[in-house]
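Peer 1: Protein chains in written order, with the numbering used here: chain U, 11 to 124; chain F, 2 to 120.
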Amino acid sequence: DAKTTQPTSMDCAEGRAANLPCNHSTISGNEYVYWYRQIHSQGPQYIIHGLKNNETNEMASLIITEDRKSSTLILPHATLRDTAVYYCIVRVALLIQGAQKLVFGQGTRLTINP
Amino acid sequence: GAVVSQHPSRVICKSGTSVKIECRSLDFQATTMFWYRQFPKQSLMLMATSNEGSKATYEQGVEKDKFLINHASLTLSTLTVTSAHPEDSSFYICSARGTGETSGSYEQYFGPGTRLTVT
Numbered sequence: 011d012a013k014t015t016q017p018t019s020m021d022c023a024e025g026r027a028a029n030l031p032c033n034h035s036t037i038s039g040n041e042y043v044y045w046y047r048q049i050h051s052q053g054p055q056y057i058i059h060g061l062k063n064n065e066t067n068e069m070a071s072l073i074i075t076e077d078r079k080s081s082t083l084i085l086p087h088a089t090l091r092d093t094a095v096y097y098c099i100v101r102v103a104l105l106i107q108g109a110q111k112l113v114f115g116q117g118t119r120l121t122i123n124p
Numbered sequence: 002g003a004v005v006s007q008h009p010s011r012v013i014c015k016s017g018t019s020v021k022i023e024c025r026s027l028d029f030q031a032t033t034m035f036w037y038r039q040f041p042k043q044s045l046m047l048m049a050t051s052n053e054g055s056k057a058t059y060e061q062g063v064e065k066d067k068f069l070i071n072h073a074s075l076t077l078s079t080l081t082v083t084s085a086h087p088e089d090s091s092f093y094i095c096s097a098r099g100t101g102e103t104s105g106s107y108e109q110y111f112g113p114g115t116r117l118t119v120t
């Protein structure tokens, strides 16, 4: 699986948009970009994933650059409850069993300030 | 969405004893389950991957005789930490992958974690 690089920590004011960058310059054509987050002492929570097009769901938006070497997760209106560690992971998606595993990097510790 | 539960959420055991942690997929069948371990202020480290009815595949450096994994059904996997020592104290998290995929990708659902303290 390709490696990702994320800033160690970020701060954002409550109510503002939080933009979390991720570099994945060695991503392969068949690898997706996944984002998870982990609130303190809980299991990781799936946020969003994408291949090449920008994606949006009720939690966040994912912007992937045209060359797919980097992406940005956007939390449009951050709240205090969004304080967590955010993990960007790239991996191949399979249609068959023989699961590929999710390997976590160090992630970005996002702190939302009141 | 899919729900994964773990039991117990917290456990304290004495050094030398064994402790079992259960992981259940509540509303879907999971052919594959993953076990992770997380030390304070560190990221999740994958310990092993288990497929229902098969032996688990352990990551390098993880002792299979110490961390026994059983995946006997499509909704249940267990991790048994045998002869636990204080250095095994950690946050153990399981994850389950469903039997079906959509749109060329899949989602892996995580349990809430089990905090093990060995005294």
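Just so you know, even glycine gets a beta-carbon here, dropped at the ideal spot from N, CA and C.
Bear in mind the structure is a predicted one, so any value in this text is a computation, not a measurement.
Let me check one thing: in DSSP terms, what residues is U:THR118 bridge-paired to?
Peer 2: Locating residue 118 of chain U in the first sequence gives position 108, counting from the first residue. Answer is U:TYR96.
Peer 1: How would you label F:VAL4, buried or exposed, when you count the other beta carbons within 10 angstroms and need 16 or more for buried?
Peer 2: As a first step, residue 4 of chain F is located in the second sequence; it is residue number 3 there, counting from the start. Result: exposed.
Peer 1: Which residues in the same chain as U:PRO54 place their Cβ atom closer than 8 Å to its Cβ, once the five residues preceding and following it in sequence are excluded?
Peer 2: Working through the first sequence from its first residue, we reach residue 54 of chain U at position 44. Answer for U:PRO54: TYR46, ARG47, GLN48, TYR97 and PHE114, listed in chain order.
Peer 1: If you reduce the DSSP assignment to three classes, tell me which class U:ASP21 lands in.
Peer 2: The residue you call residue 21 of chain U lines up with position 11 of the first sequence. Note: U:ASP21 maps to strand in three-state DSSP.
Peer 1: Under DSSP, the beta strand (DSSP E) around U:ASN40 begins and ends at which residues?
Peer 2: Taking the first sequence and counting its residues from 1, the one referred to as residue 40 of chain U is at position 30. Unbroken run through U:ASN40: none, as it is neither H nor E.
Peer 1: Is the stretch 27-41 of chain U touching the stretch 67-86 of chain U, taking contact as three or more C-beta pairs under 8 Å?
Peer 2: Contact holds: three or more Cβ-Cβ distances are below 8 Å.
Peer 1: With H, G and I counted as helix, E and B as strand and the rest as coil, what does DSSP make of U:PRO31?
Peer 2: Counting from one through the first sequence, the residue named residue 31 of chain U turns up at place 21. Strand.
Peer 1: Between the alpha carbons of F:CYS14 and U:TYR44, how many angstroms are there, rounded?
Peer 2: Reading the second sequence from its first residue, position 13 is the one you call residue 14 of chain F. Reading the first sequence from its first residue, position 34 is the one you call residue 44 of chain U. In a straight line, the C-alpha of F:CYS14 is about 36 Å away from that of U:TYR44.
Peer 1: Measuring alpha carbon to alpha carbon, tell me which of U:LYS111, U:LEU90 and U:VAL100 ends up nearest U:ASN123.
Peer 2: As a first step, residue 123 of chain U is located in the first sequence; it is residue number 113 there, counting from the start. Of the listed residues, the one whose Cα sits closest to U:ASN123 is U:LEU90.
Peer 1: Measure the C-alpha to C-alpha separation of U:GLN16 and U:ALA94 and round it to an integer number of angstroms.
Peer 2: Against the first sequence, residue 16 of chain U aligns to sequence position 6. Against the first sequence, residue 94 of chain U aligns to sequence position 84. Each residue's alpha carbon lies about 14 Å from the other.
Peer 1: Mind checking who U:ILE57 pairs with in its DSSP beta bridge?
Peer 2: Residue mapping note: residue 57 of chain U aligns to position 47 of the first sequence, counting from 1. Partner(s): none; U:ILE57 has no beta bridge.
Peer 1: DSSP on U:ARG2, reduced to helix/strand/coil?
Peer 2: Because residue 2 of chain U is not part of the residues shown, which for chain U are 11 to 124, the question remains open.
Peer 1: Under a three-way DSSP split, which group does U:GLU76 fall into?
Peer 2: Within the first sequence, numbered from 1, the residue matching residue 76 of chain U stands at position 66. Here U:GLU76 sits in coil by DSSP.
Peer 1: Taking F:VAL12 as part of the beta strand (DSSP E), name the residues at either end of that continuous run.
Peer 2: Translated into positions along the second sequence, residue 12 of chain F becomes position 11. 11-14 is the span of the beta strand (DSSP E), which, as asked, contains F:VAL12.
Peer 1: For F:GLN109, count neighbouring Cβ atoms within 10 angstroms of its own Cβ and tell me buried if that reaches 16, exposed if not.
Peer 2: For the purposes of this step, residue 109 of chain F is identified with residue 108 of the second sequence, where counting begins at 1. With 16 or more Cβ atoms within 10 Å of its Cβ, F:GLN109 is classed as buried.
Peer 1: Can you give me the C-alpha to C-alpha distance between F:GLU23 and F:SER78, rounded to a whole angstrom?
Peer 2: For this step, residue 23 of chain F is matched to residue 22 along the second sequence. For this step, residue 78 of chain F is matched to residue 77 along the second sequence. Those two C-alpha atoms are separated by around 6 Å.
Peer 1: Grab me the residues of U:GLN107's own chain with a C-beta within less than 7 Å of its C-beta, minus the 5 sequence neighbours each way, in chain order.
Peer 2: Counting from 1 along the first sequence, the entry for residue 107 of chain U is found at position 97. Residue placement at U:GLN107 cannot be trusted, given a pLDDT of 48 that sits under 50; what the coordinates show is reported in the next sentence. Answer for U:GLN107: no residue qualifies.
Peer 1: Give the interface partners of U:GLY117 over in chain F, defined as CB-CB distance under 7 Å, in chain order.
Peer 2: Counting from 1 along the first sequence, the entry for residue 117 of chain U is found at position 107. Result: SER44.
Peer 1: Indicate the three-state DSSP secondary structure (helix, strand or coil) for F:ARG25 in the structure shown.
Peer 2: Translated into positions along the second sequence, residue 25 of chain F becomes position 24. F:ARG25 falls in the strand class under three-state DSSP.
Peer 1: Which of helix, strand or coil does DSSP assign to F:MET46?
Peer 2: As a first step, residue 46 of chain F is located in the second sequence; it is residue number 45 there, counting from the start. Strand, per DSSP.
Peer 1: Checking the sheet assignment: what are the DSSP bridge partners for U:ILE49?
Peer 2: One-based indexing of the first sequence puts residue 49 of chain U at position 39. According to DSSP, U:ILE49 bridges with nothing at all.
Peer 1: Determine the chain F residues that contact U:PRO17 at a beta-carbon separation under 7 Å, and present them in chain order.
Peer 2: Locating residue 17 of chain U in the first sequence gives position 7, counting from the first residue. Those within 7 Å of U:PRO17 in chain F number zero; the least Cβ separation is about 14 Å.
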